[in-house]
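The structure appears below as C-alpha cells.
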Amino acid sequence: MRRVYFDNNATTPVDPLVLEAMKPFFLEDFGNASSIHGFGQRARAAMEQARRQVADLIGAQSQEIVFTSGGTESDNTALRGLAPYLRDRGNHIVTSSIEHPAILRTCEQLEKEGFEVTYVPAGKDGAIRLDVLEAAIKDRTILISIMYVNNETGTIQPLGRISELARSRKILLHTDAVQAVGKIPVDVKKLNVDLLSLSAHKLHGPKGIGVLYVRRGVRFNPLFLGGPHERNRRAGTENVPGIVGLGTACELAKQGLEDFEKRVRGLRDRLENTVLEQIPDSSVNGSRTERAPHVTNLSFRGTEGEALLISLDFQGIAVSTGSACSSGSLEPSHVLRAIGVPSDLIHGSIRFSLSRMNTTEDVDYLLEVLPKTVGRMREMSPLYKER
Ligand SMILES: Cc1ncc(COP(=O)(O)O)c(C=O)c1O
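Per my numbering, numbering of the sequence shown is gapless, rising by one per residue and ending at 389.
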C-alpha cells in the first residue's frame, strides 16, 4: 500500500542531510560545548556555526539566537520570561484566541499570577481582528504575542501592521513563527519583532530543539537557572546534535524557499481545487489568499473528521483533524470555532499540510481515494443530503 504523509504541521520527516550532519556529534565530537579540550571545542564550533545558519535564515544576528528544547519552551520563555521582568511597567498582555496551546495555557497561568490578558478574536478569514487589537492596547500593556502562521488554517497574520502598533506604543512584540519559518520568508528586522519562536521538527530537523530569537537589548528572566549557557539566557548542557541538525535544516530551508513557494503551493492548490470541484459540499476554512503555501483546511459537510482520518489512515494517508497537538481529544478545534466555522463543519474538517518531500503522485493518490471515502461516509449518514 502507498504511504502518503500530509500531516507536516504536526511534524516533518528529518532530511537525510540533516541526519548525516548530526551523526558525528553523537559518536565522535560528542564533547560538552563548555569543555576546554578538543572534544568540547569542536562541539562548540559546530554549535556556533548552527547559530549562524539559523540567524541567516531569519535575518538575525548570531547573539540573538537562544537555543531551547522547541517551540513550546520558546513560547513559554517569551511570555513567562518577559512578563514578570516587565511587571513594574504594567501587567497587561495582548494575544489572540487562535494561538497554539503553548501560548494560550501560558497566558492562562499568567492570569492566575495577576496579569491581565486580552484574547483578540479572529474573523472568518482566519486573521485576527486588528481593530480589536488596537482598541485593546492600554497604558499598562507590556507585551503583544501574535502567531505568524496559524497551525490549523495556514492563515498568515497581519504582523506588519501589528508591529507598527507595538512600536508606536513602545510595547514588546513576540511572534510564534513555528509554522512560518522555512515555509514563507521570515525576516525579524523587516517584521520588526522583538522575540520569535521556531522549532526544528517543523522544517525537517530533529524533535526537541528550537530557538527563541531575542532582539539585542531585550532582557528577560530565564526559565531555567543553572550554568551560564546561552549567555545566561537558558541554562543546561546544549543539545549539540540537535542544534547542528537545526542549523543544517535552516540552511536547506533557505536554499529551498523559492522552490517551496512554487512547487508546494502548486501541489496544495491542485489538491484543494480538485477536491472542491469533485466533492460536493466541501469548503475551505480560513483565507485562501493570505495563507502559507503548504496548508489547506477543508470541511466536508455530513462527515465526521475522526472517521475520515481513520479511513484515510487505513488507506495509507496521514492527515489530521483540528490540531494534532490536541488529537486524542474530541474537543472541536478552538481555532475553527474562533473563526466562526459552524460546529457541524468543524466536526467534518480535515487539515492537509504538505512539505517539500510530497510529490505529484502523493496528491494523485489522495485525489483517487478521498472522493470515494467521503462519498461512502455520506451514504452511511442518515442526515446527509446533497444540497
Ligand atoms: C504554532 C505552533 N506553536 C508551537 C508549537 C509547539 O512546538 P514544539 O512541538 O516544538 O514544542 C507548535 C507545534 O505544533 C505549533 O504549531
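C-beta atoms are modelled at their ideal positions from N, C-alpha and C, and glycine is treated no differently. All values derive from a computational prediction rather than experimental measurement.
- Under the DSSP definition of a beta bridge, Ala320 partners with Tyr7.
- Each of Lys264, Ala320, Gly156 and Ala35 was checked against the Cα of Arg293, and the nearest Cα belongs to Gly156.
- The secondary-structure analysis by DSSP pairs Tyr121 across a beta bridge with Thr97.
- Distance check between Asp271 and each of Ser71, His206, His296 and Ser289 places His296 closest, using alpha-carbon atoms only.
- Of all C-beta pairs linking the segment 219-234 to the segment 144-155, fewer than three are shorter than 8 Å, placing the two stretches out of contact.
- In this structure, the CA atom of Gly342 is about 15 Å from the CA atom of Glu101.
- Remark: the C-beta of Gly73 is in contact range of ligand 1, defined as less than 6 Å to any heavy atom.
- Take the alpha-carbon of Gly247 and the one of Ala12: they are about 18 Å apart.
- Look at Ser76 here: in three-state DSSP terms it is helix.
- Within its own chain, the residues whose Cβ lies closer than 6 Å to the Cβ of Thr298, once the five positions on either side in sequence are excluded, are Arg270, Glu274 and Phe354, listed in chain order.
- Contact fails between the segment 42-52 and the segment 167-184, because fewer than three Cβ pairs, one in each stretch, are under 8 Å apart.
- Here His176 carries a strand assignment [DSSP, helix/strand/coil].
- Per DSSP, the unbroken alpha helix (DSSP H) holding Tyr367 starts and ends at Thr362 to Met382.
- In this structure, Gly350 and Arg303 form a Cβ contact; the two beta carbons are roughly 6 Å apart against a cut-off of 8 Å.
- DSSP places Gly40 inside the alpha helix (DSSP H), whose first and last residues are Gly40 to Ile60.
- Sequence-distant Cβ neighbours of Lys140 in its own chain, meaning closer than 6 Å and more than five residues away, are His94.
- In the structure shown, Phe222 falls within a coil segment according to DSSP collapsed to helix, strand and coil.
- At the C-beta level, Ile352 and Val321 come within 7 Å of one another.
- Residue pairing of Gly212 in beta bridges, as defined by DSSP: Thr70 and Ser201.
- Comparing alpha-carbon positions, the option among Ser71, Arg339 and Glu263 lying closest to Leu356 turns out to be Glu263.
- When the beta-carbon positions are compared, Leu19 and Lys256 stay at least 7 Å from each other.
- Restricting attention to beta strand (DSSP E) runs no shorter than 3 residues, the segment 268-299 encloses them at 284-286, ordered along the chain.
- With fewer than 16 other Cβ atoms from the protein chains shown falling within 10 Å of its own Cβ, Thr361 counts as exposed.
- Under the 10 Å beta carbon count, Ser201 is surrounded by 16 or more other beta carbons and is classified as buried.
- According to DSSP, Val183 shares a beta bridge with Ile186.
- Distance from the C-beta of Val180 to the nearest heavy atom of ligand 1 is below 6 Å.
- In the three-state scheme derived from DSSP, where H, G and I count as helix and E and B as strand, Arg353 is classed as strand.
- Per DSSP, reduced to three states, the secondary structure at Val242 is helical.
- Going by DSSP, Leu106 is part of the alpha helix (DSSP H) stretching over Pro103 to Lys114.
- Its chain contains Ile60, Ala62, Glu66, Ile67, Val190, Leu197 and Leu198 as the residues whose beta carbon lies nearer than 7 Å to that of Tyr215, once the 5 sequence neighbours on both sides are disregarded; these appear in chain order.
- Three or more pairs of CB atoms, one per stretch, sit closer than 8 Å, so the segment 235-255 contacts the segment 203-212.
- In the DSSP assignment, the residues bridged to Leu145 are Ile95 and Leu174.
- Within a 10 Å sphere around the beta-carbon of Gly212 sit 16 or more other beta-carbons, which makes this residue buried.
- The residue among Leu88, Gly72 and Glu370 with its C-alpha nearest the C-alpha of Asn241 is Gly72.
- Gly116 counts as exposed, since fewer than 16 other C-beta atoms from the protein chains shown sit within 10 angstroms of its C-beta.
- At a Cβ-Cβ threshold of 7 Å, Asn234 and Gly83 do not count as neighbours.
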